[in-house]
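The opening position of the sequence shown corresponds to residue 10 in the numbering used here, with each subsequent residue numbered one higher. Here a beta-carbon is modelled for each residue, glycine too, at the ideal position from N, C-alpha and C. Model, not experiment: these values are computed from the prediction.
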Amino acid sequence: TRGHVRLLGPCFKTGYDVIGLVADMRTNEIAPVLHRVIAQGGTATGLCIAALRHFRLLHAAASDPAGASQGVAKLRPPVYGPRRDRIQRQVGTWSRDRLEQVITLLLDTDLQLRSAGQTAPQMAQVERCFVRISMMGRR
């Protein structure tokens with residue numbers, strides 16, 4: 010029935026939804042959305058690469074000498090609308106040093122995912138990494 014469909018909520022989730030939750034430090038919401046992305050065929054390496062791209066974008070904006078708002082304005086390709094507002098808020102929340110630590114953690118996780126002697130499940134590693142990142146922003 011329609012009531013059951015409404016209870017399910019929006020079913021289509023992308024990797025960018027998960028990365029937005031990580032950058033917004035909404036730790037409790039990461040796992041359920043990540044599991045939906047996995048069910049839709051998302052890969053661990055793809056999520057890690059997308060997160061790395063997003064946090065590098067935030068780092069570039071935060072590192073601008075004219076300030077974070079000017080850094081967001083200088084992003085290429087340009088960012089508009091609600092996504093711009095969200096990025097602006099995230100840049101204001103994360104310090105440049107913290108963003109550098111996040112990028113290092115993401116690079117290490119990506120290296121582990123691509124290494125030959127892999128023993129741990131890949132999605133578990135990515136989930137653990139995303140939770141650590143969202144907790145790093147709160148310190």
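Are the Cβ atoms of A77 and A70 separated by less than 8 Å?
yes
Exposed or buried, which one is A32 when buried takes at least 16 other CB atoms within 10 Å?
buried
Leaving out the 5 sequence neighbours to the left and right, which residues in its chain are closer than 7 Å to T36 when beta-carbon positions are compared?
V140, S143, M144
State buried or exposed for D119, treating a residue as buried only when at least 16 other CB atoms are found within 10 Å of its CB.
buried
Is there contact between the stretch 105-114 and the stretch 53-70, where contact requires at least three CB pairs shorter than 8 Å?
yes
Along the chain, where does the alpha helix (DSSP H) containing P91 start, and where does it finish?
90-102
Alpha helix (DSSP H) segment containing T36, residue limits
No alpha helix (DSSP H) holds T36; DSSP gives it neither H nor E.
Can you list, in chain order, the residues of its chain with a C-beta nearer than 8 Å to that of E136? Leave out the 5 residues immediately preceding and following it.
I39, A40, L43
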